[in-house]
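Everything on this sheet refers to the single structure shown next.
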Amino acid sequence: MINMQACKRCLYTTYHALGLTLDEEGICSGCRIHEEKDRLDFNARWLKLLDIVAPYRAKSGTTYDCIVPVSGAHDSHWIVHIVKERLGLNPLLVTYNKYFNTPLGIRNLANLRIKFDCDILIQNVNPQSVRRITRTTLRQFGSIYWPCLAGQTVFPVQTAVRYQVPLIIWGAHQGLEQVGMFSHEHEVEMTRRYRKDHDLMGHEADDLLSTFDTLKEEHVWQYRYPDDMELSSVGVRGIYLGNYVRWDPKVQHEKMVATHGYKGARFARTFDTYDYVDCFNYMDLHDHLKMVKHGYSKVTDHACREIRHGRLTRDEGLALVRAHEEAPLQHLGKFLEWLGIDESGLRYIAGEHRNARVWAEVKPGRWMRCATPEAPEMDAAAVERRLDFLADSELDYTGVGSYITIGKGYPL
Numbered sequence: 044m045i046n047m048q049a050c051k052r053c054l055y056t057t058y059h060a061l062g063l064t065l066d067e068e069g070i071c072s073g074c075r076i077h078e079e080k081d082r083l084d085f086n087a088r089w090l091k092l093l094d095i096v097a098p099y100r101a102k103s104g105t106t107y108d109c110i111v112p113v114s115g116a117h118d119s120h121w122i123v124h125i126v127k128e129r130l131g132l133n134p135l136l137v138t139y140n141k142y143f144n145t146p147l148g149i150r151n152l153a154n155l156r157i158k159f160d161c162d163i164l165i166q167n168v169n170p171q172s173v174r175r176i177t178r179t180t181l182r183q184f185g186s187i188y189w190p191c192l193a194g195q196t197v198f199p200v201q202t203a204v205r206y207q208v209p210l211i212i213w214g215a216h217q218g219l220e221q222v223g224m225f226s227h228e229h230e231v232e233m234t235r236r237y238r239k240d241h242d243l244m245g246h247e248a249d250d251l252l253s254t255f256d257t258l259k260e261e262h263v264w265q266y267r268y269p270d271d272m273e274l275s276s277v278g279v280r281g282i283y284l285g286n287y288v289r290w291d292p293k294v295q296h297e298k299m300v301a302t303h304g305y306k307g308a309r310f311a312r313t314f315d316t317y318d319y320v321d322c323f324n325y326m327d328l329h330d331h332l333k334m335v336k337h338g339y340s341k342v343t344d345h346a347c348r349e350i351r352h353g354r355l356t357r358d359e360g361l362a363l364v365r366a367h368e369e370a371p372l373q374h375l376g377k378f379l380e381w382l383g384i385d386e387s388g389l390r391y392i393a394g395e396h397r398n399a400r401v402w403a404e405v406k407p408g409r410w411m412r413c414a415t416p417e418a419p420e421m422d423a424a425a426v427e428r429r430l431d432f433l434a435d436s437e438l439d440y441t442g443v444g445s446y447i448t449i450g451k452g453y454p455l
C-alpha cells in the first residue's frame with residue numbers, strides 16, 4: 044500500500060517533488076506558510092526591502108544597480124515594475140534563450156524591454172550543445188527542461204560576476220510558495236545548493252559528463268556556476284521579492300495586462316493563461332513528464348495556489364485539475380523533430396522514469412495512478428469562467444510550425 048497523504052486544504056500530497064509535511068490537523072507546510080501573507084505587515088517588509096537595496100544604488104546613475112532575470116512570461120513584467128518603477132533602481136535585464144520559444148513569448152519579451160526602457164542581455168548557447176544536453180538529460184533524468192533550468196539560474200549569476208553588479212533580484216521563491224520550505228521571515232536568498240538540489244535535480248553541469256555519453260566539456264561549460272572566490276570578490280547576493288511583497292501571480296499579471304501590455308494565452312493542460320506562455324514545451328511535454336515522474340502536473344500547482352488565495356474551494360480546484368491534467372499534447376511533433384527521435388522512443392524513455400510509488404500497471408502498457416480522488420460532480424468550465432483568467436492572444440499566431448531559435452523582437 045502506498046503511503047501517500049494529501050493536504051486537507053489544498054491538493055498537494057506528501058509526494059510533492061520538493062517535499063512537504065502535514066501537521067496534526069492535516070494541513071500542509073505550504074498552506075501554513077501561505078497564511079503568513081495575511082499575517083505579516085508587508086508595509087514594514089517593504090521598508091526593509093528599501094534598506095536592503097539602498098547600498099546598491101549607483102550614485103553616478105551611469106551603471107547598473109542590479110541584475111533582474113526575465114523571460115517572455117511568468118512574473119517578469121511584475122518584477123521589473125517593482126524594481127524599476129517602485130524601487131527606482133536601474134536594472135540590467137538578463138534572459139536565457141530556451142530555444143522552445145513561442146512567438147507570443149518573443150513578443151512579451153520585446154514588450155518588456157521596450158515598455159520599461161531597460162537594457163537586456165540574452166544568452167544564446169550553441170543550439171547543437173543544447174540539443175545534445177537535452178538528449179542526455181531526457182535519458183538520465185526524464186527531463187527535457189534541464190538546460191532551461193540550468194541556464195536561467197546560472198546566467199544571471201555569471202553576469203553579476205562578469206559585470207561586477209552584485210545584487211540579483213528574483214521574484215518569488217518556489218520552495219517557499221509551493222511547499223513552505225522556508226518562512227517569509229527567514230528572508231532566504233539565492234544559493235548554489237538549492238539550485239543544484241531542486242532546480243537541477245541534484246546534478247551540476249559537469250555531472251552530465253560520462254564515458255558512456257557523447258557530451259564533452261565544450262557542451263556544458265556555459266552552465267557552470269561561478270566559484271566561491273568569484274562570488275566573494277564581487278559580493279554577489281540574490282534576493283527574492285516575494286519575501287517583501289505580498290505575492291499573488293494572478294493579481295500581478297492582470298495589473299501588467301492592464302498597464303503594460305502583457306499578453307496571455309490559453310493552454311490545454313491548465314486554466315492559468317499567464318504562466319509559461321513563452322515556451323511550447325513547458326505546459327506540454329515537460330508537463331506530461333512531470334505527471335509521469337511525480338503523479339501530478341502544473342495545473343495542480345495552479346489550483347493549489349488559487350485555493351490558498353481563496354479564489355477556489357478544494358473541490359473546485361480538483362474539478363479543474365481533472366478537466367485539464369490529461370489533455371493531449373499539442374506541440375509534441377515540434378519537439379520530436381527538433382530532437383531527432385520518434386514517439387515510441389520517447390514513450391520508452393518516459394516509462395523508464397515512471398514513479399512506481401505513484402503508478403500501478405493494470406495491464407501491459409496501461410498505467411493508473413494510485414489513490415487518486417475522483418473529480419467532484421461539478422461544472423469545471425463554469426468554475427473556470429468565474430476565475431476569469433484573461434487570454435487575448437495565441438501561443439503561435441504566425442503559423443511557422445517550428446521553433447524560433449532567436450527572436451529579434453517586435454516594433455511596439
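Just so we're aligned, residue 44 is where the sequence shown starts under the working numbering, counting upward by one.
Where is the CB? At the ideal position from N, CA and C, for every residue including glycine.
Three-state secondary structure assigned by DSSP to residue i
i           : result
residue 240 : helix
residue 409 : strand
residue 168 : coil
residue 161 : coil
residue 54  : coil
residue 196 : helix
residue 391 : helix
residue 106 : coil
residue 113 : coil
residue 302 : helix
residue 83  : coil
residue 99  : helix
residue 136 : strand
residue 253 : coil
residue 308 : strand
residue 231 : coil
residue 275 : helix
residue 292 : helix
residue 190 : helix
residue 358 : helix
residue 399 : coil
residue 124 : helix
residue 16  : No information on residue 16 is available, as it lies outside the stretch 44 to 455 that the chain covers here.
residue 266 : helix
residue 424 : helix
residue 374 : coil
residue 384 : coil
residue 353 : coil
Whole-Å CB distance - residue i paired with residue j, under 8 Å assumed
i           : j           : result
residue 291 : residue 229 : Contact flag wrong, Cβ pair sits at about 20 Å.
residue 193 : residue 116 : The pair is not a contact, with the Cβ atoms about 18 Å apart (cut-off 8 Å).
residue 430 : residue 297 : Not really, about 11 Å apart at Cβ, beyond 8 Å.
residue 99  : residue 209 : 7 Å
residue 393 : residue 312 : Their Cβ separation, rounded to whole angstroms, is 16 Å, which puts residue 393 and residue 312 out of contact at 8 Å.
residue 82  : residue 287 : Their Cβ separation, rounded to whole angstroms, is 15 Å, which puts residue 82 and residue 287 out of contact at 8 Å.
residue 122 : residue 214 : 5 Å
Exposure of residue i, with buried meaning 16 or more beta-carbon neighbours within 10 Å
i           : result
residue 259 : exposed
residue 355 : buried
residue 411 : exposed
residue 391 : exposed
residue 90  : exposed
residue 377 : buried
residue 93  : exposed
residue 84  : exposed
residue 425 : exposed
residue 272 : exposed
residue 202 : buried
residue 362 : buried
residue 407 : exposed
residue 46  : exposed
residue 455 : A caution first: residue 455 carries a pLDDT of 42, below 50, which makes its placement in the model unreliable, though a value can still be read off. With fewer than 16 Cβ atoms within 10 Å of its Cβ, residue 455 is classed as exposed.
residue 366 : buried
residue 63  : buried
residue 316 : buried
Identity of the residues DSSP links to residue i by a beta bridge
i           : result
residue 404 : 410
residue 281 : 211
residue 144 : 322
residue 71  : 65
residue 340 : Per DSSP, none; premise fails for residue 340.
residue 49  : 56
residue 436 : 308
Within-8 Å CB hit, residue i to chain C
i           : result
residue 297 : Reference to chain C is not applicable here, since this structure consists of a single protein chain.
- Query: Between the region 429 to 438 and the region 135 to 147, do three or more beta carbon pairs fall short of 8 Å?
  - Reply: Result yes; three or more Cβ-Cβ pairs closer than 8 Å.
- Evaluate the contact criterion for the region 152 to 165 versus the region 134 to 143: three or more CB pairs, one atom per stretch, below 8 Å. Yes, the region 152 to 165 is in contact with the region 134 to 143.
- Taking one C-beta from the region 409 to 427 and one from the region 45 to 56 each time, how about it: are there three or more such pairs within less than 8 Å? Yes: the two stretches touch, three or more of their Cβ pairs being nearer than 8 Å.
- Task: Say whether the region 229 to 248 touches the region 180 to 195, bearing in mind that this needs 3 or more beta-carbon pairs closer than 8 Å, one atom from each stretch.
- Result: Yes, they touch.
- Three or more beta-carbon pairs under 8 Å between the region 213 to 231 and the region 66 to 78, yes or no? Contact between the region 213 to 231 and the region 66 to 78 is present, because at least three Cβ pairs lie under 8 Å.
- Query: Can at least three beta-carbon pairs, one atom from the region 267 to 281 and one from the region 326 to 339, be found at a separation below 8 Å?
  - Reply: As far as the Cβ criterion goes, the region 267 to 281 does not touch the region 326 to 339, which means the pair count is below three.
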